[in-house]
Amino acid sequence: MRKVLCNDRSSFLEKVKIMFTEFDEFLLTCGYFKIRNWNIDSAEVISIDSGHYWIIKKFDKEGYPGLVLYHSHDGRLYHVHFCYKDQDIAPAVSEIMSHDRYQKKKLKLRNRITKVSNRELMMAL
60 MRKVLCNDRS SFLEKVKIMF TEFDEFLLTC GYFKIRNWNI DSAEVISIDS GHYWIIKKFD
120 KEGYPGLVLY HSHDGRLYHV HFCYKDQDIA PAVSEIMSHD RYQKKKLKLR NRITKVSNRE
180 LMMAL
């Protein structure tokens, strides 16, 4: 696993052409994520805040572009977290950041409250 910093972006677009724009590259390499894997149409990242794993996969199916955001806690078993009707990754990055804020809030409540049912915890959020 390699961590890519903003100044470590030289020649990325020459190697991985087609699906990712320069702005997409900036969003993924500006310090919020550790890059785990990067292909022509997908990027697998780890959120530094939560340690959760994410795959941002772009596709173009029969002229209909889109993006799927996959989520995992362990980096092995992924599930679909969200689907988008275009290939802009900014909403996906925003969703990951929102998920991290939610996780922090939930953890903070769990640390303050003991022996609470999941239902009570969800109502408190």
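This note's numbering applies: residue 60 is where the sequence shown begins, and numbers increase by one.
Here a beta-carbon is modelled for each residue, glycine too, at the ideal position from N, C-alpha and C.
Pairwise C-alpha distance: residue j and residue i
| i | j | result |
| --- | --- | --- |
| A102 | Y123 | 20 Å |
| D147 | I105 | 19 Å |
| E179 | N170 | 14 Å |
| L168 | R160 | 13 Å |
| Y4 | S176 | Not covered by the structure: residue 4. The range shown for the chain is 60 to 184. |
| S157 | H111 | 13 Å |
| E73 | L126 | In this prediction, E73 scores a pLDDT of 49, lower than 50, which makes its location untrustworthy; no coordinate-derived value is stated. |
| H41 | I99 | With the chain covering 60 to 184 only, the question about residue 41 has no answer from this structure. |
| K164 | I107 | 16 Å |
| M78 | Y129 | 17 Å |
| G134 | D83 | 22 Å |
| M182 | D145 | 34 Å |
| L184 | L166 | 11 Å |
Strand pairing of residue i, partner residues [DSSP]
| i | result |
| --- | --- |
| K164 | In the DSSP output, where bridge partners are listed per residue, K164 has none listed. |
Sequence-distant residues of the same chain with beta carbon closer than 6 Å to residue i, five excluded per side
| i | result |
| --- | --- |
| D162 | Just to set this straight, residue 162 is Gln in the shown sequence, not Asp. The residues are S109. |
Same chain only: Cβ atoms within 8 Å of residue i, ignoring 5 sequence neighbours per side
| i | result |
| --- | --- |
| Y137 | Y112, I114, Y129, H130, S131 |
| T80 | none |
If we count Cβ pairs, one from each stretch, closer than 8 Å, do we get three or more for the region 86-94 versus the region 116-131? no
Three-pair Cβ contact test at 8 Å for the region 137-153 versus the region 76-89: yes
For the region 93-181, list the beta strand (DSSP E) runs that are entirely contained and at least 3 residues long, ordered along the chain. 101-106, 112-120, 123-131, 138-143
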